[in-house]
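*Asks:* So the sequence shown is numbered by our numbering: it starts at 14 and just counts up by one. Note that CB positions come from ideal geometry on N, CA and C, so glycine has one too. The structure is given below, and queries will be raised subsequently.
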Amino acid sequence: MPSDVISTPPLPASPDGSTIDAGEWWPTIDVNQVRDQVNIGGAIPHARLVEALQQGMISAIDELADWQAAQIAAGHADLGAVPPAVTVDGKPRRELLFLSAVCSFAAARLAERNPDLTATREGSDRADQRRDMADDLRREATHAIRQIMGKPRTNSELI
14 MPSDVISTPP
24 LPASPDGSTI
34 DAGEWWPTID
44 VNQVRDQVNI
54 GGAIPHARLV
64 EALQQGMISA
74 IDELADWQAA
84 QIAAGHADLG
94 AVPPAVTVDG
104 KPRRELLFLS
114 AVCSFAAARL
124 AERNPDLTAT
134 REGSDRADQR
144 RDMADDLRRE
154 ATHAIRQIMG
164 KPRTNSELI
């Protein structure tokens, strides 16, 4: 008698304790926490996710380099120590924003680097959607970075 049970392979996972670290001033990012909290797609292997998070961290830190130098000069030991010391759910607000920026940059990279290889119009439409999604994710990262620095989200001038 035939069975209608379909076996699906388990989703990729990251080893316990996998982290991305950029030195003492920036918070360490837990790779499995990112898997649990961020919609990155279920089939992203550990190595690809780590690479995207590393690049996301580099992008966020580069954007914040001048601001970070000013905070260090002001005597702040790490990102969480920069006043005002607002916490959300017991975590420093700026650390949560930093995680958001890094994850948004990483998700944008994953969206761009995992195109649909289908040669159909439907595949082409999905690739366009991924590019649009990557742009939206980069915008979210920029918003988080501007919030970390205490700046408004956008600058506009009358032309």
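Distance check for alanine 60 and glycine 30, CA to CA, integer angstroms please.
*Replies:* 14 angstroms
*Asks:* Exposed or buried, which one is lysine 104 when buried takes at least 16 other CB atoms within 10 Å?
*Replies:* exposed
*Asks:* Does the segment 30-40 come close enough to the segment 63-81 to have 3 or more Cβ pairs within less than 8 angstroms?
*Replies:* The segment 30-40 is in contact with the segment 63-81.
*Asks:* Using only the alpha-carbon positions, how far apart do threonine 100 and alanine 147 sit?
*Replies:* Threonine 100 and alanine 147 have their C-alpha atoms roughly 29 angstroms apart.
*Asks:* So, with DSSP's three-state summary, where would you put threonine 100?
*Replies:* Here threonine 100 sits in strand by DSSP.
*Asks:* Hey, how far is the Cα of lysine 164 from the Cα of serine 27?
*Replies:* 35 angstroms
*Asks:* Inspect the beta-carbon positions of arginine 107 and glycine 93 and report whether they are closer than 8 angstroms.
*Replies:* Yes, the Cβ-Cβ distance between arginine 107 and glycine 93 is below 8 angstroms.
*Asks:* Assuming alanine 56 contacts proline 25 (C-beta within less than 8 angstroms), just tell me the rounded distance between them.
*Replies:* 6 angstroms
*Asks:* What are the partner residues of threonine 155, as DSSP defines its beta bridges?
*Replies:* DSSP output for threonine 155 lists no bridge partner at all.
*Asks:* Tell me whether alanine 132 is buried or exposed, calling it buried when 16 or more other Cβ atoms sit within 10 Å of its Cβ.
*Replies:* At alanine 132, the pLDDT of 48 sits below 50, so the modelled position is not reliable; the number obtained from the coordinates is stated separately. Counting Cβ neighbours within 10 Å, alanine 132 comes out exposed, since fewer than 16 surround it.
*Asks:* Return the first residue and the last residue of the alpha helix (DSSP H) that asparagine 52 is part of.
*Replies:* Run containing asparagine 52: none; DSSP gives neither H nor E here.
*Asks:* On the criterion of 16 or more Cβ atoms from any shown chain inside 10 Å, does leucine 130 qualify as buried, or is it exposed?
*Replies:* Residue confidence is low: leucine 130 scores 45 on pLDDT, short of 50, so the model does not pin down where it sits. Its coordinate-derived value is still stated next. It counts as exposed.
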